[in-house]
Amino acid sequence: MIGVAPALNGVIGALAQEGPAHAATAAGPAWAALIPALPLLGVVLCTLCAVFRVKNRLPAVLTVACLAGAFGLTVWMFLTTGHGTAVTTSLDWIRFHAAPGHEFVSSWGFFIDPLTCLWMLFVTGLATLIAIYAGEYMAGDAGAGYSRFFAAFNLFVFSMACLVMADSLVLLFLGWEGVGLCSYLLIGYFYKRPAAVAAAKKAFIMNRIGDVGLMMGITSTWVVFGTVEYAPIFDMISRGVDGAGNALPEWAGWVIPSLFTIGAFGKSAQLFLYVWLPDAMEGPTPVSALIHAATMVTAGVYLIARMYPMYVLDGTHWVLTLIAWSGAITALWSATIGMAQFDIKRIMAYSTVSQLGYMFAGLGVLTTTGAAFHVFTHAFFKATLFLCCGAVMHGFAGQLDLRRVSGLWSMRGWAVVTIAMLVGCLNLAGFPFTAGFFSKDMIIAECYVTPGMAPVGWVLLLTAGLTAYYTFRVFFRVFVGPAEFEPGDEAHAHGPAGDDHGHAAGAGTPSSVDSTDHSHGFHPHAPGLAINFVLGLLAVLSLAAAATYFVGGEHGWVGEMVHHSTAGVSGAALPGGGAVHADLETGAPGFLGYNPHAVMYYVSAAVGLIGILIAAFLHGPRGVGGLLIGSRRHAATSRADALLPVLGPVARGAQHKWYVDEVYDFLIIRPIWVIAHLFHLFDKLIVDGLVGLAGWLPRGMGGAIRPTQSGHLHGYAVGMAGGVAVLLLVVLLVAW
Amino acid sequence: MTTLAQANLPAVMHQLTLAHYLFVSAAMFVLGLIGFVTRRNLIIMFLCTELMFQAAGIALVAFSRFHLNHTGEAFVIFVITVAAAEAAMGLALVVLLFRRRESLSAEEWAEMKG
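Going down the list, the sequences are from chains A and B. Residue numbers for the first sequence follow our numbering, so the first one is 54 and each next one is one higher. Residue numbers for the second sequence follow our numbering, so the first one is 1026 and each next one is one higher.
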């Protein structure tokens, strides 16, 4: 996209002719291998901590040290690589003869281009910060699951580094499965809770569907190109030849991208594969923030961005069109569910699915820059939001219901959390001049530029309004207004009455309405230094991410990075060599006759503000906290309650997540259950029956003959004598 | 040296044919068999087996004489020797069995059954 967008703004041709600059490949630095190696070291150290039953917070310290080292190296890698592409010398990893004359080779090396650097920067950076946060958040488990948690955490960063830095699709697949495994391990961290175990299984099984697509995509790539390494593949694509030097077969242009898209949809929870992500919130909140919001779920976006040259091979771009529509539908669908949920962590989970939909829509409308920029900004602000929810959960004994906690702002010790939450919410709602505003804007504007995609743009605009509403619904309910709370179901596990630091929240609490029986002896647990530090820093970074839009090229620093990577879209790669975008000059696709790039800032800002104002009106407390239009007096009730009877089945449907889980249960789980039981019956009756018969036959025969062995001596004697007599008789009869 | 056939035997002996000997042998064998099957006393049963043994011996000697060779007689001498040894061992076993159950009945011992 980056290559063609300038054309719109009058700089026709300059960048469009230049194309992505990933052609020249340099030898990469060998020390890049240390970036995945350091988290792997962390895994070993945390495992040792587990073996030696370390009872203190040592695993967290080790993890933070390893991850910070990896982050430092990533920064160094970014600075030295610049806008170039470097491939490290690779080791032979897998090599076997697949067919006569065809050898399957997968190397172990790293492909470092700006896209790699971009992803690795926020992966390692956020992982470090979230590890600091988790060090305090998980402190209650020190000595128990603490080492296990951090071992899996490190393993996740290692896998993610393999995924992002891989120089071949097979190594990418290793990382892909590795992050899936860590996701499973960490969702099921509280393995004694059945819901957590079920959620872990759900995530793992749903991801397998996507993995099949990815595996088939990798195989097809090998069939076409004869290699799975990026550098030769991209070289061949740029020359339009396959592995044997012939012209690329036409099917490769849509079969391979479709298969990769299935993989990406699975990992990034798109379309009908999203249901595992909200359930994944059963895991500890730092995990939700890092894996299920900021990094792992963007692996699908990364895969498509990385393989983008394949996606633009097919002139009709129908796979990309499909991706755009899927993204838009997912965004709208999960936003509507998020609007009706009461669990703030679930709301954030649905919001993640929704924002991932934006990223896919961005990829679909040819703005890899917009998608990558949204991944980048989303990583920061969504991590912030999740960590804020985590702080609430931590402080109120697992309470996540927005009807049961209110007015954190006025409780002592919650200022940083409230401010960080506000920053995160503003970003997510697309408030003007926040990072989320610019990145979302870029995607929506591009929908109106790409021909035929205007409906996607309208869906995304509507979703932007809904997003602003549900985001600030959380903020207005939980963070401002009357101070009330009711502890969650972990209250008994937390400090008993007399827990000193809990008294901080004293002032306005407990309220007369909601906190009656439960709150006696319970005091909220205001976040400590580590959590406040991380939240503050993340809030600053979320805001600072907006600044990257103003440095670098036309589309900011991220745009510059993407342009110089394999995800860069050159004008020449587009149908008609970029002529499509020239249509804009005549106003053909445009936004109601205006240049989308120019007016989208105002439109999306207005949509976001309307969403925020509706949230303030329906959920805002009286006074400044509710922007002077709110009227909420209690935690549990708001003006929105009056809407419920009016909306009736719609509201109920959204609250029940549009019954998707029930539909899956009916359409997939029940039939499979029935089939499984039929198979079981077949196995029991036919297979086991045959085996049983084989065993029963000799047994039955033995049973029939056995009574003759009576044990009585005389019986044998008579038998023998009788036998001899019969034999004699026969002999005599025959002789005569 | 005269053969058995040339030896001087009482006159009545010359009227005895092979069939007489075999008849005696068969009668002894059947008597032993009936005794073995009908009696419960282990010693009696043991004696019955000896009776059958000797019946077989008579048949062998008779055939030996009839065929004018010594194989059967030699064989019988071996059989008698073995039977003597076996009788010593068998009676010892009977004594041991009696000590276990304080009874000589063969019905006491019927544990080895299917």
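Note that beta-carbon positions come from the ideal geometry of N, C-alpha and C, so glycine has one too. In this text, all values refer to a predicted model and were calculated from it rather than measured experimentally.
Q.
Using a Cβ-Cβ distance cut-off of 9 Å, determine whether A774(A) contacts chain B.
A. As a working mapping, residue 774(A) is identified with position 721 in the first sequence. Judged by the 9 Å Cβ criterion, A774(A) is in contact with chain B.
Q | Minimum Cβ-Cβ distance from V1062(B) to chain A less than 9 Å | A | Translated into positions along the second sequence, residue 1062(B) becomes position 37. It does: the Cβ of V1062(B) has a partner Cβ on chain A nearer than 9 Å.
Q. Given that M1137(B) touches chain A, what residues does it touch there, using C-beta distances under 9 Å?
A. By one-based count along the second sequence, residue 1137(B) stands at place 112. Residues of chain A passing the Cβ test: Q762, G764.
Q: Note down the Cα distance separating P73(A) from G534(A), rounded to an integer number of angstroms.
A: By 1-based counting over the first sequence, the position of residue 73(A) is 20. By 1-based counting over the first sequence, the position of residue 534(A) is 481. Any reading at P73(A) needs caution, since the residue's pLDDT is 43, under 50, leaving its predicted position unreliable; the model's value is listed next. Whole-angstrom Cα-Cα distance: 51 Å.
Q. What span of residues does the alpha helix (DSSP H) with L13(A) cover, start to end?
A. Residue numbering for chain A in the displayed model covers 54 to 789; residue 13(A) lies beyond these limits and cannot be assessed.
Q.
Just to confirm before moving on: does the CB-CB distance between S379(A) and H427(A) stay below 9 Å?
A. Taking the first sequence and counting its residues from 1, one reaches residue 379(A) at position 326. Taking the first sequence and counting its residues from 1, one reaches residue 427(A) at position 374. Contact: no.
Q: Note the first and the last residue of the continuous alpha helix (DSSP H) segment covering W749(A).
A: The sequence position of residue 749(A) within the first sequence is 696, counting from 1. It spans 741-758 - the alpha helix (DSSP H) in which W749(A) sits, taken as one unbroken run.
Q | Rounded Cβ spacing between A79(A) and A139(A) (contact assumed at less than 8 Å) | A | Here residue 79(A) refers to the residue found at position 26 of the first sequence. Here residue 139(A) refers to the residue found at position 86 of the first sequence. Indeed, because the Cβ distance is near 5 Å, the residues count as touching under 8 Å.
Q: Look up S1130(B) in the DSSP assignment and say whether it is helix, strand or coil.
A: Here residue 1130(B) refers to the residue found at position 105 of the second sequence. In this structure, S1130(B) counts as strand in the three-state DSSP scheme.
Q. Where S564(A) and M412(A) are concerned, what is the direct C-alpha to C-alpha distance, given to the nearest angstrom?
A. Counting from 1 along the first sequence, the entry for residue 564(A) is found at position 511. Counting from 1 along the first sequence, the entry for residue 412(A) is found at position 359. Any reading at S564(A) must be qualified, since the residue scores a pLDDT of 41, below 50, and its modelled position is unreliable; the value itself is stated next. Distance between the alpha carbons of S564(A) and M412(A) is about 43 Å.
Q.
Which residue marks the beginning of the beta strand (DSSP E) containing H155(A), and which one marks its end?
A. Counted from its first residue, the first sequence places residue 155(A) at position 102. Taken as a continuous stretch (DSSP letters only), the beta strand (DSSP E) holding H155(A) covers 155-161.
Q. At what residue ranges does the region 203-252 of chain A contain a whole run of the beta strand (DSSP E), taking only runs of 3 or more?
A. none
Q. Going straight from the alpha carbon of H75(A) to that of F164(A), what length do you get?
A. By 1-based counting over the first sequence, the position of residue 75(A) is 22. By 1-based counting over the first sequence, the position of residue 164(A) is 111. Residue confidence for H75(A) is low, a pLDDT of 43 falling below 50, so the modelled location carries little weight and cannot support an answer.
**Q.** Extent of the continuous alpha helix (DSSP H) to which A707(A) belongs
**A.** Within the first sequence, residue 707(A) is the residue found at index 654, counting from 1. Note, A707(A): alpha helix (DSSP H), 702-708.
Q | Residues within the region 747-760 of chain A neighbouring chain B, beta-carbon criterion of under 7 Å | A | R759, P760
Q. Using CA coordinates, which residue listed in R465(A), F490(A), M464(A), L98(A) is at the minimum distance from V476(A)?
A. The sequence position of residue 476(A) within the first sequence is 423, counting from 1. Of the listed residues, the one whose Cα sits closest to V476(A) is F490(A).
Q: With a threshold of 16 other CB atoms inside 10 Å of the CB of D741(A), please say whether the residue is buried or exposed.
A: What you label residue 741(A) is simply residue 688 of the first sequence in a count that begins at 1. So D741(A) ends up on the exposed side.
**Q.** Per-residue contacts from V771(A) into chain B (C-beta, under 8 Å)
**A.** Taking the first residue of the first sequence as 1, we reach residue 771(A) at position 718. Neighbours of V771(A) on chain B, chain order: V1062.
Q: Quick one: using the 10 Å Cβ neighbour count with 16 as the cut-off for buried, is S1130(B) buried or exposed?
A: Position 105 of the second sequence, counting from 1, holds the residue named residue 1130(B). Burial call: exposed.
Q) Quick one, are the C-beta atoms of L171(A) and F449(A) less than 9 Å apart? A) If you number the first sequence from 1, residue 171(A) lands on position 118. If you number the first sequence from 1, residue 449(A) lands on position 396. Result no, Cβ atoms of L171(A) and F449(A) do not sit closer than 9 Å.
Q) Is T138(A) helix, strand or coil when you go by DSSP? A) Within the first sequence, numbered from 1, the residue matching residue 138(A) stands at position 85. In the structure shown, T138(A) sits in a strand (DSSP, three-state: E or B).
Q | Inter-stretch contact at 8 Å, needing at least 3 Cβ pairs: the region 349-358 of chain A / the region 203-216 of chain A | A | yes
Q. Between G541(A) and L239(A), what straight-line distance do the alpha-carbon atoms span, to the nearest angstrom?
A. The residue labelled residue 541(A) in the question sits at position 488 within the first sequence. The residue labelled residue 239(A) in the question sits at position 186 within the first sequence. One C-alpha to the other measures close to 22 Å.
Q. Which of helix, strand or coil does DSSP assign to S568(A)?
A. Here the question's residue 568(A) lines up with position 515 in the first sequence. Residue placement at S568(A) is poorly supported in this model, since its pLDDT is 41, which falls under 50; the coordinates still yield a value, given next. Coil, per DSSP.
Q. Which runs of the alpha helix (DSSP H), 4 residues or longer, sit entirely within the region 1052-1104 of chain B?
A. 1067-1092
Q: List the residues that DSSP assigns as beta-bridge partners of E282(A).
A: Working through the first sequence from its first residue, we reach residue 282(A) at position 229. Paired residues: S221(A).
Q) Whose Cβ in chain A lies nearer than 9 Å to the Cβ of L1076(B)? A) The residue labelled residue 1076(B) in the question sits at position 51 within the second sequence. Within chain A, no residue comes near L1076(B); the closest Cβ sits about 14 Å away, beyond 9 Å.
Q: Could you spell out where the alpha helix (DSSP H) holding A778(A) opens and where it closes?
A: Here residue 778(A) refers to the residue found at position 725 of the first sequence. Start and end: 766-788.
Q | N-terminal and C-terminal residue of the alpha helix (DSSP H) that A79(A) is part of | A | Along the first sequence, one-based indexing puts residue 79(A) at 26. Where A79(A) is concerned, there is no enclosing alpha helix (DSSP H), although the beta strand (DSSP E) it sits in stretches over 78-80.
Q.
Here's the rule I'm using: 16 or more other beta-carbon atoms within 10 Å means buried, otherwise exposed. How should N585(A) be labelled?
A. Locating residue 585(A) in the first sequence gives position 532, where the first residue counts as 1. N585(A) comes out buried.
Q.
Distance check for F439(A) and T314(A), CA to CA, integer angstroms please.
A. Along the first sequence, one-based indexing puts residue 314(A) at 261. Along the first sequence, one-based indexing puts residue 439(A) at 386. One C-alpha to the other measures close to 27 Å.
Q. Using the beta-carbon of each residue, which ones in chain A are nearer than 7 Å to L1121(B)?
A. Looking up residue 1121(B) in the second sequence gives position 96. Those within 7 Å of L1121(B) in chain A number zero; the least Cβ separation is about 16 Å.
Q. Who are the neighbours of A1131(B) on chain A, taking C-beta pairs under 9 Å?
A. In the second sequence, residue 1131(B) corresponds to position 106, counting from 1. What A1131(B) touches in chain A: H765, L766, H767.
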